[in-house]
Each structure stands twice: as C-alpha cells, then as structure tokens.
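Asks:
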Amino acid sequence: MRLLDQAKKTYSTISYPYDNQTDIENRTFSDPLFSMERLFKTLVTKGDKTGVVVAVVPIHEKLSLKKLSKLSGNKKMTLLPLEDLQKTTGYVRGGCSPLAMKKPFPTFLDNSIFDHEQIAVNAGQRGLLLDINPEDLVAAIQGAAVDDILL
24 MRLLDQAKKT
34 YSTISYPYDN
44 QTDIENRTFS
54 DPLFSMERLF
64 KTLVTKGDKT
74 GVVVAVVPIH
84 EKLSLKKLSK
94 LSGNKKMTLL
104 PLEDLQKTTG
114 YVRGGCSPLA
124 MKKPFPTFLD
134 NSIFDHEQIA
144 VNAGQRGLLL
154 DINPEDLVAA
164 IQGAAVDDIL
174 L
C-alpha cells in the first residue's frame, strides 16, 4: 500500500475473516456488494529460462502454464514451490500480492481485469484485499495485460 500511496494511486481495502481451512473462493465478505467476479489471484511461477514470472488471473479461472511459458520466453514453466514462495516474494500462500514483492518480476495480467472498474487483489497479508482500478494496478507493477493466459 505504501507503493500505491507514493504513486498517488487511489485504492481501498477489503477485509475478510481468514482461516487455513477455507479457500478464498468460499469465503464470505462483509460488504454485500462485493462481487467475486472482480477478485483476482496472484500466482507465482518459475520458468526454465527467465526464472520467476507472476500471473494475475480471475479467482475462478485456471492459468495455462504452457501459454504463460510462451508469452514469457520460456520453454517450460511450473508453479513456484510453496516452500520457496516467502523467500522469493516476501509473501505467504493466501497473502501473495502482485505489488511490492522482494524484487520486481515480469508480471502478466489477464485482460479481463479491464472488464471491471475496480478489481480486488491480495494486499500482502491473509484476510486483506486491495480494491483498485485495473489501470492503476498495471501501472504500479509495470505489468503486461494479455489476452491468452487461461486454460
């Protein structure tokens, strides 16, 4: 959030009760107007040529590692092992934000982010989301919005 404040980007936060047993897709949010359709997850992958690559995709969709490999200049790609997530990004599973990772990594966002005036992404800790304009998010992370990274 400090990164967004410095860039003078407008955002708000959405909190939700977190527990280790329930995936975010099955959580309830205090705001009755919150729509899961505008919730996006951050996935961290590792390519055989470029190393770490980040993808931001709709919460109910699946990332195509094959398509992301091609876009990012890799031949082969896997999800980053969970035991490497925190030391690589600074975030834990369930709290991984596309913003302010330990290092800037190439980030690809599914173009469907632009179907919404505001999207929600993890804010860097479990139980907290950022509600942000998609253009502001893309600019803040210097990401690339792409058409074809989903299965």
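Here the numbering used here is used: the first residue of the sequence shown is 24, the next is one more, and so on. We put the beta carbon where it would ideally sit given N, CA and C, even for glycine.
Of all the options 105, 133, 153 and 151, which has the alpha carbon lying nearest to the alpha carbon of residue 84?
Replies: Sequence index remark: in the sequence shown, residue 84 carries index 61 (1-based). The candidate whose alpha carbon is nearest that of residue 84 is 133.
Asks: Among the residues of its own chain, which have a CB less than 6 Å from the CB of residue 153, if the five just before and after it don't count?
Replies: Residue 153 sits at position 130 when you count from the first residue of the sequence shown. Cβ neighbours of residue 153 beyond the five flanking positions: 34, 144 and 146.
Asks: What would DSSP say about residue 173, mapped onto helix, strand or coil?
Replies: Here residue 173 refers to the residue found at position 150 when the sequence shown is read from its first residue. Three-state result, residue 173: strand.
Asks: Check the C-beta distance from residue 94 over to residue 164 and give it rounded, since I have them as a contact under 8 Å.
Replies: Walking along the sequence shown from the start, residue 94 turns up at place 71. Walking along the sequence shown from the start, residue 164 turns up at place 141. Between residue 164 and residue 94 the Cβ distance is about 16 Å, and since that is not below 8 Å, they are no contact.
Asks: Mind checking residue 64: buried by the 16 CB within 10 Å criterion, or exposed?
Replies: As a first step, residue 64 must be located in the sequence shown, where it is residue number 41. Buried.
Asks: Counting C-beta neighbours from all protein chains within 10 Å, is the total for residue 96 16 or more, i.e. buried, or is it exposed?
Replies: In the sequence shown, residue 96 corresponds to position 73, counting from 1. Exposed is the call here.
Asks: Starting from residue 162, follow its DSSP beta bridges and name the residues at the other end.
Replies: Residue 162 sits at position 139 when you count from the first residue of the sequence shown. The partner list for residue 162 (beta bridge, DSSP) is empty, contrary to what the question assumes.
Asks: Do you know how far the Cα of residue 40 is from the Cα of residue 168?
Replies: Here residue 168 refers to the residue found at position 145 of the sequence shown. Here residue 40 refers to the residue found at position 17 of the sequence shown. Each residue's alpha carbon lies about 30 Å from the other.
Asks: Just to confirm my understanding: we take residue 112, look at its own chain, exclude 5 residues before and 5 after, and list those with CB closer than 7 Å. What are they?
Replies: If you number the sequence shown from 1, residue 112 lands on position 89. Here the set comprises 67, 119, 124 and 125.
Asks: In the DSSP assignment, find the unbroken alpha helix (DSSP H) run with residue 69 in it and report its ends.
Replies: Position 46 of the sequence shown, counting from 1, holds the residue named residue 69. Residue 69 -> not in any alpha helix (DSSP H); beta strand (DSSP E) instead, spanning 63–70.
Asks: Are residue 130 and residue 74 close, meaning C-beta to C-beta below 8 Å?
Replies: Along the sequence shown, read from residue 1 onward, the residue named residue 130 stands at position 107. Along the sequence shown, read from residue 1 onward, the residue named residue 74 stands at position 51. Cβ atoms of residue 130 and residue 74: not closer than 8 Å.
Asks: Output the residue ranges of the beta strand (DSSP E) runs that lie fully inside the stretch 96–167 and measure 3 residues or longer, sorted by chain position.
Replies: 100–102, 130–133, 142–148 and 151–155, all fully within the stretch 96–167.
Asks: Can you tell which of 122, 140 and 59 has its C-alpha closest to the C-alpha of residue 25?
Replies: Against the sequence shown, residue 25 aligns to sequence position 2. If we check each option's Cα against that of residue 25, 122 comes out closest.
Asks: Checking the sheet assignment: what are the DSSP bridge partners for residue 86?
Replies: For the purposes of this step, residue 86 is taken as residue 63 along the sequence shown, with counting starting at 1. DSSP output for residue 86 lists 173 as bridge partner(s).
Asks: Alpha carbon to alpha carbon, how far is residue 92 from residue 71? Give it in angstroms, no decimals.
Replies: Within the sequence shown, residue 71 is the residue found at index 48, counting from 1. Within the sequence shown, residue 92 is the residue found at index 69, counting from 1. Spanning the two alpha carbons is a distance of roughly 9 Å.
Asks: From the DSSP output, in three-state form, read off residue 92 for me.
Replies: Your numbering for residue 92 matches position 69 in the sequence shown. The answer is helix: DSSP assigns residue 92 an H, G or I state.
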